[in-house]
Amino acid sequence: MDNQLKRVDLGDLIRKKILVLDGAMGTMIQKCHLEENDFLNEEISSSLEERVLVGSVQMKGNNDVLNLTHPEIIEDIHRKYLQVGADLITTNTFSSQRISQRDYHLEDFSYKMAFEGARIARKCADEWSTPTHPRLVLGSVGPTNETCSMSPDVSNPAARNLDYDTLFSAYSEQIAGLLSGGVDAILIETIFDTLNCKVAIDAAITEMAKLKVKLPIMLSVTISDLAGRTLSGQTLEAFLASVSPYPIFSVGLNCSFGPAQMKPFLRDLAAKSPYYVSVYPNAGLPNAMGLYDETPETMAPKIQSFIDEGLVNIVGGCCGTTPEFIAKYIPMVEGKHPHQPVPRPKTLHLSGLELLDVTPEVKFVNIGERCNVAGSRKFLRLIREKKYDEAVSIARKEVDDGALVIDVNMDDGLLDAKAEMVNFLNRIAAEPDIAKVPVMIDSSKWEVIIAGLKCLQGKGIVNSISLKNGEDEFLAHAREVKRYGAACVVMCFDEKGQATTYERKIEIARRAYHLLVEEVGMNPLDIIFDPNVLSIATGMEEHDAYAVDFLRATEWIRKNLPGAHVSGGISNLSFSFRGNNTIRESMHAVFLYYGLKCGLDFGIVNPSAKITYNDIPEAQLPIIEDVILNRKKGASEQLIELADKLKADDDSKKSQGLSATQTSQTQDEWRTLPLDKRLIYALRKGISDYLQDDLKEALAEYPHAVNIIEGPLMNGMNEVGKLFGAGKMFLPQVVKTARTMKQAVAILQPYIESERTDHSAKAGKVLLATVKGDVHDIGKNIVAVIMACNNYDVIDMGVMVPAEQIVKKALDERVNIIGLSGLITPSLDEMVNVAKQLRQAGLNIPIMIGGATTSQLHVALRIAPVYGGPVVWMRDASQNPIIASRLLNKKEEPKLEQELDRKYASLRENYKKEQERLLSLDDARNNKLNLFN
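Note that our numbering has the sequence shown beginning at 3, numbered continuously upward.
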C-alpha cells in the first residue's frame, strides 16, 4: 500500500455505505486437501517433543496453526475474497487462544498464532487498498469450545470447566496479538454464551487501554433454535441488555442458520439494536451429509432482501460460503442505504435469560429478599447445611411470587461468602425459571461482589457502592461495576456517615451522580439511589421524619438527576414493630403507595406480602398515613396503641384455645361475603385455597360454566386492572392474581368442554397469540375459553410469538380472525409490526387487539392506519364473541367497518387538537401534585 495512504476508520466507512465482509475461512481451507502433517512444521514439531509425539497430535481442523506453518495458504484465501471486492476480511484466528489450543497441546503458540493471523491479513488488506476503496481487517475472536455459564456435569449444576479469570487471561493474550498485528477492529463472533462474550469485551477494552488505542468492538451472536435464544438460553433482547454498558460498535448474527431462517431474528435485532447491524449466515442449514445446499445464485436474493429492507450495515458469509458467494453481494450494496441504528433505550434494561425493561408501566421493581442469609434464617440454615436444592427452591418461589429481581447475599461470619456466592449463582443459572430474572449481588465485601459479577451472563445489579470511604474507592468500585456490565445501587452514605435528613440525602445523591456520570462515564439509567429507608415510630422524635424525608428525597432525585432510579429496603421502615406482621405489611403498603407517586421504582420486599393499600381498614389507614407522612404530633403513639390492640386481639383468640387454622378462618371475614364478592376478592388477593368450593357453588348458581368467567371472574380482573392503574397494586401482585385466574379457568375447563355442542358447525376459526416480547397470557387464555364456548375453533399460539409465525399460521390455517394480546408497553409496537407484516403477506382479515396497555386510541393512531382490514380494540374478553359474530357476518361487517372508521377518525382528530392544547413544561410543573403540604 502507498505509504501516503491513510488508514480509514471503520466508523467513517460504515456511515457511508453497506460494507461487504468475506466468507468462510474453514470452507476454503477444506478445499486445500491438506494432510495431517501439513498442519505442522519443523519448528512446532521440535517444540512438542518433550510433551507429545507428533504422530499422535490430531492437527486437522486446527485452522489457526496454518498461520505459522502455511501462511501462504491463508494469504491466498484472503486475496481471493479481496479480489472479488470484499471491504472487510477476518483474521484466521477464531481459535487462537489457550482454551482451544490446549486440545492440540499448542497453548504456548496462541499469541504467535493471533499475531501472525493479524499480520497476514493486514499485509493482504494493505496490498488491495486504494484511496477510493480501503480494505479493513477484523480480528476474529471465537467463543472457545467451553462455556462459563453452563455445567459440564449433569449431577452438579454448580460445576464449571471454565471460569472468568482463566478465560480473561486467554482472551487477553489473543487480543494483544491481534492488536500488535495491526487489526482495525475486534470481532467477537459466533457468541453462544453471553458470559464468554463479556469476558472477551473486558479483555479487548483492557488490552486496548494498555496500548492506548481505541478500536471498534464488534459482536456477532449465533442463535441455537427457532425460539431465538443463544445456546446458554438468552433471548436477543436480554443479550443486548447484557452488553449495553460497554462501548459496542456493532451487533450481528452469524452461523447456525441460513439466510431464510435467520431473517426473522435479524429483523428483530435491527428493530431494537442501538448499534450497527451485521449478518453473515451459513449457506443454508446443513443437510443430512453435513453439507450446505445454498449456492451463490440461490443465496444472493435472500441477502438482497436484507439489504433492500434496510436491515444491515455489513453483509458476508459464514460456513459454506466462498468468494463466489461474496462476489454476488458486491453489486447488490451499491447505492443502497445502510441501516440506521435505533436510539439507545430511554429506560433501564436489566437481564437474566430474559429482558427486564423498567418502563413506567412496570411501576415498581420488586426485588425478592429471601435469598439473603442476613435476612432469612431459613436460607442461612440451608446454606450452612449445604442443602442447596432447598435453597434454590426459595429463589424459585420468589420468582413465582412475582419478584422481578432476586437479591443474593451470603455475608455471614461462619460462611465462606465468596465461595457460597459463586456456588449459588452457578446453581440458579441452571434453573431457567429462576435465571430468567436479573440478579442483585448484595454484599458488604467487595471481593464477593466481584466474584458474583464474574458468574452473570445477564446484566445484574450491584448492591452497593457508596462514598463512605471517600471518592477514590467510590470511583474505583464504580469503574469495576461498569467493567463487569452491571447497574448499581448507590447508598446515601459519605465520609460523614449515613444520610438521615432530606438535605443530606440529596447532597450525597447529587455529588455521587456527577461523579458517576462525568468521571466514570456511567449511563445515568444504570444508577439506582438508595436514600436509606430508616425505622419510624421508634419512640424517638428525631426519627419521625425519616419516612417523609425519604419520599421527598426520592421525588427530588427523580426530578433533578435525569435517568436515575430510587430503591429502598422497605422492611427497615417497620423494624420497631417486628413480630406484628399485620402492622408491618400495612406500613409497607402505605409507604409504597406514596413512594410510587414520588418516583420510587425499586425496592427489596417480600414478594408474597398479602396486604395492599386497598386492604387496610378505613379506621386504621389515617393512623398509618399520619406516621408515614409525619402529619401530626403524637402519630407514633397512636400507631403503637393500634399495634398493641391488634396484638391483644390476636392473643385473646389464642387464649380461647383456637387452633391456627381456626384463628386463620376467624380472620378470613371475607368468607362471609356473597359468592360473587368472594370470587372477586379471592382473585384480587391471589387466594386459591377456596377456589374448588366456591366454583362448585357457582356452577350450581350459573346456567353455564363460561358465565362464571364472563361474570365475577372478569369483574375481579377488571378491579385488579383499576387498582394497578391507580398505583394501589404493583406488578408482582398482579401476576399473583393472574395465576389464581388461571387456576380458576383450569377448574372450570372440564365443565366448559362438556357443555360444548361439538357436532354443530363451527362459527369460525380464530388465531390467538401474545405478541413477541411479552410472556403474559392470562387475558388471552380467558378469550380462548370464551370463544371456544361460543363454538369458535381456537388456535392458541401461546406467548412470545414472532410476527412471522403469526403470519405463517394465519395463512396455513386460513383463519377468519386474529387476536393479538399484550400486557406491557413494548407489545404495542410489536402489534404494529404484526399488522404491517400481515398486510405485506396480502392478508386483511379482522384483528382483535386486547391487553392491559392497549387502548382504542392506540389502535386508531398506530395500528389501523398500517393495516388494510378491520382492527378492533376489545375492552374485555366478554366482548370478543359479540364482535366476532359481526365481523363474520356479511351484512354486519361493512357496517362495523364504517363505525370503526368514523370512530378512529374522530379519535385521531381529537388527539391532534389535544396535542395542540398541551400546557408548556413550566406550566405543567407548576400544577404538579405535592404530597407534603
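We put the beta carbon where it would ideally sit given N, CA and C, even for glycine. Being a predicted model, the structure only gives us computed values, none of them experimental.
CB residue i to CB residue j, shorter than 8 Å?
i, j, result
"Ile-190", "Val-143", "yes"
"Tyr-106", "Gly-179", "no"
"Thr-192", "Asn-256", "yes"
"Asp-696", "Leu-677", "yes"
"Arg-21", "Ile-305", "The amino acid occupying residue 21 in the given sequence is Leu; Arg does not appear at that position. No, the Cβ-Cβ distance between Leu-21 and Ile-305 is not below 8 Å."
"Phe-604", "Val-367", "yes"
"Thr-93", "Val-185", "yes"
"Ala-539", "Ser-578", "yes"
"Cys-494", "Asp-532", "yes"
"Ala-161", "Ser-151", "no"
"Asn-411", "Asn-374", "yes"
"Thr-674", "Leu-602", "no"
"Val-314", "Ser-280", "yes"
"Arg-372", "Glu-336", "no"
Does residue i pass the burial test, meaning 16 or more other C-beta atoms within 10 Å, or should it be called exposed?
i, result
"Ser-829", "buried"
"Asp-798", "buried"
"Asp-4", "Any answer about Asp-4 is weak, because its pLDDT of 44 lies below 50 and its placement is not dependable; what the coordinates show is given next. By the neighbour-count rule (16 or more Cβ atoms within 10 Å), Asp-4 is not buried but exposed."
"Leu-213", "exposed"
"Ile-474", "Checking the sequence shown, residue 474 turns out to be Asp, not Ile. Flag for Asp-474 reads exposed."
"Lys-915", "exposed"
"Lys-635", "exposed"
"Arg-386", "exposed"
"Ala-662", "Interpretation of Ala-662 is limited by its pLDDT of 44, a score under 50 that renders its predicted location unreliable; no figure is taken from the coordinates."
"Asn-69", "buried"
"Asp-444", "buried"
"Tyr-331", "buried"
"Met-542", "exposed"
"Thr-134", "exposed"
"Asp-14", "exposed"
Between residue i and the rest of its own chain, which residues show a CB-CB distance below 8 Å, the 5 nearest in sequence each way excluded?
i, result
"Ile-618", "Ser-588, Ala-591, Val-592 and Ile-626"
"Ser-880", "Glu-712, Met-716 and Ile-788"
Closest to residue i by C-alpha separation, out of the options, would be which residue?
i, options, result
"Leu-681", "Met-716, Ala-650 and Gly-28", "Met-716"
"Asp-403", "Ser-610, Ile-749, His-341 and Arg-162", "Ser-610"
"Pro-804", "Val-834, Tyr-486, Tyr-331 and Val-873", "Val-834"
"Tyr-869", "Gly-260, Asp-204, Thr-146 and Arg-841", "Arg-841"
"Glu-363", "Gly-853, Lys-810, Glu-400 and Phe-381", "Gly-853"
"Glu-815", "Leu-455, Leu-770 and Pro-154", "Leu-770"
"Lys-461", "Ile-436, Ala-488 and Asp-186", "Ala-488"
"Tyr-794", "Pro-705, Ala-886, Asn-720 and Val-215", "Ala-886"
"Gly-25", "Ile-79, Ile-75, Ser-258 and Glu-175", "Ile-79"
"Ile-188", "Arg-269, Leu-268, Pro-249 and Ser-157", "Pro-249"
"Cys-457", "Phe-495, Lys-561, Ser-468 and Ala-437", "Ala-437"
"Leu-357", "Leu-406, His-341 and Ile-309", "Leu-406"
"Lys-838", "Trp-130, Ile-865, Leu-813 and His-339", "Ile-865"
"Ala-285", "Pro-298, Leu-417 and Ile-849", "Pro-298"
"Ala-820", "Ile-847, Asp-496 and Glu-77", "The sequence given here has Ile at residue 820, not Ala. Answer by Cα proximity: Ile-847."
"Leu-391", "Ile-430, Leu-417 and Tyr-278", "Reading off the sequence, residue 391 comes out as Asp, not Leu. When each option's Cα is compared against that of Asp-391, the closest is Ile-430."
Which residues in the same chain have their Cβ closer than 6 Å to the Cβ of residue i, if we skip the five residues on either side of it in sequence?
i, result
"Phe-251", "Pro-218, Ile-219 and Met-220"
"Leu-859", "Leu-909"
"Leu-527", "Leu-350 and Gly-565"
"Tyr-282", "Leu-23, Asn-256, Gly-318, Gly-319 and Cys-320"
"Gln-236", "Thr-196 and Leu-355"
"Arg-17", "none"
Assuming residue i and residue j form a contact by the criterion Cβ under 8 Å, report the distance between their Cβ atoms to the nearest whole angstrom.
i, j, result
"Lys-365", "Leu-598", "6 Å"
"Ser-353", "Ala-172", "Not confirmed; about 25 Å, so no contact."
"Val-787", "Val-708", "7 Å"
"Phe-2", "Gly-230", "Residue 2 lies beyond the range of the chain shown here (3 to 935); nothing can be said about it."
"Ala-101", "Glu-148", "Residue 101 is actually Ile in this sequence, not Ala. Correct: roughly 6 Å between the Cβ atoms."
"Ile-508", "Leu-518", "Going by Cβ atoms, the distance from Ile-508 to Leu-518 rounds to 15 Å, so no, they are not a contact pair."
"Ala-123", "Ile-91", "6 Å"
Go through its chain and collect everything with a Cβ distance to residue i's Cβ below 7 Å, but skip five positions before and after it.
i, result
"Ser-58", "With a pLDDT of 38 at Ser-58, under the threshold of 50, the predicted position of this residue should be treated as unreliable, though the coordinate-derived value follows. The answer is none, since no qualifying residue turns up."
"Val-86", "Pro-325, Ile-328, Ala-329 and Ile-332"
"Tyr-615", "Ala-591, Val-592, Tyr-595 and Lys-730"
"Lys-420", "Glu-449, Val-450 and Ala-453"
"Glu-643", "none"
"Pro-440", "Leu-352, Ser-353, Gly-354, Leu-358, Val-407, Gly-460, Lys-461, Gly-462 and Ile-463"
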